[in-house]
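Counting in my numbering, the sequence shown runs from 4 upward without gaps.
From the three backbone atoms N, C-alpha and C, an ideal C-beta is built for every residue, glycine too.
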Amino acid sequence: ILFWLVNKIHPKDVVRIISAEIPDKVLFDVVVQNMIHRPCGPRNSPYMQDIKCIKRYPREFLQETQTDQDCYPLHKRRKPEDCGHEAIIMINDQEVFVDNRWVVPAINPLLSKTFKAHIKVEYCSSVKSIKYMFKYINNGIETAVFGIQNKESNNKITKFEMGRYISSNEAWKILKFPISKHNPTVFLLAVHLENGQCVYFNPET
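So this is what it looks like as structure tokens:
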């Protein structure tokens, strides 16, 4: 759901709606279980580029919420010594310490407490948010990344191939059902400059 607001939002307003920190007491377990970005895995993982996470985790510590040059919010992430919280999560049967740098910046206290699940809430500051919203339903077929490895030879370099994966969800597009809807309906108005109106003619006459 994308909401358009009449007035611009100040970083202080963003803090009241969205948080990127591990809370205490009531929401602690909900956030730690659902809103922590876990490590992407080995260096050759599809989510790693130049030995860095493509989602830019872990993020930088920040004492206050700020906005970058594109007006995108950089959420407050306090250090443990500045009253920031830490937590321990289990990854592959191993204990891993996480702090506010690993929190997905989408914690809305009301929604998190109500649904106790991963719910993303973002402040959209540009028209690019429309592209972000519609790109998933217009992406086309699903793809999967898989690796082929010969057990007899211990090859340290894993070669990945892109494969086509067709699921039952593709039936919706195959049957040409609508994937988007406008409400109210958008009409194209024939607006033109003076003496610049469209002229229609039959090329056969």
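Cβ-Cβ distance between residue i and residue j below 8 Å
i: I91; j: F100; result: yes
i: D73; j: S129; result: yes
i: I25; j: V33; result: no
i: V106; j: I39; result: yes
i: L30; j: P112; result: yes
i: F137; j: S183; result: yes
Buried or exposed by the 16-neighbour rule on C-beta atoms within 10 Å, applied to residue i
i: A23; result: buried
i: T68; result: buried
i: W175; result: exposed
i: Y126; result: buried
i: R80; result: buried
i: D102; result: buried
i: V17; result: buried
Closest residue to residue i among the options (Cα-Cα distance)
i: F214; options: F204, L77, W105, N37; result: With the chain covering only 4 through 208, there is no way to say anything about residue 214.
i: Y75; options: P108, C56, D96; result: P108
i: R62; options: Q97, R104, N172, K55; result: R104
i: R59; options: L65, Y50, Q66; result: Y50
i: E98; options: P42, N198, L8; result: P42
i: C86; options: I57, D27, Q52, K123; result: D27
Endpoints, the beta strand (DSSP E) within which residue i is located
i: Q97; result: 97-101
i: A90; result: 90-94
Unbroken alpha helix (DSSP H) run spanning residue i, endpoints
i: M136; result: 131-137
i: I20; result: 14-20
i: A120; result: Here A120 belongs to no alpha helix (DSSP H), and DSSP marks it neither H nor E.
i: N105; result: This sequence places Trp at residue 105; Asn is not what is there. Segment: none, W105 is in no alpha helix (DSSP H) and carries neither H nor E.
i: Q36; result: 31-37
i: K176; result: 173-177
Cβ separation of residue i and residue j, assumed to be a contact under 8 Å, to the nearest whole Å
i: D71; j: L77; result: 6 Å
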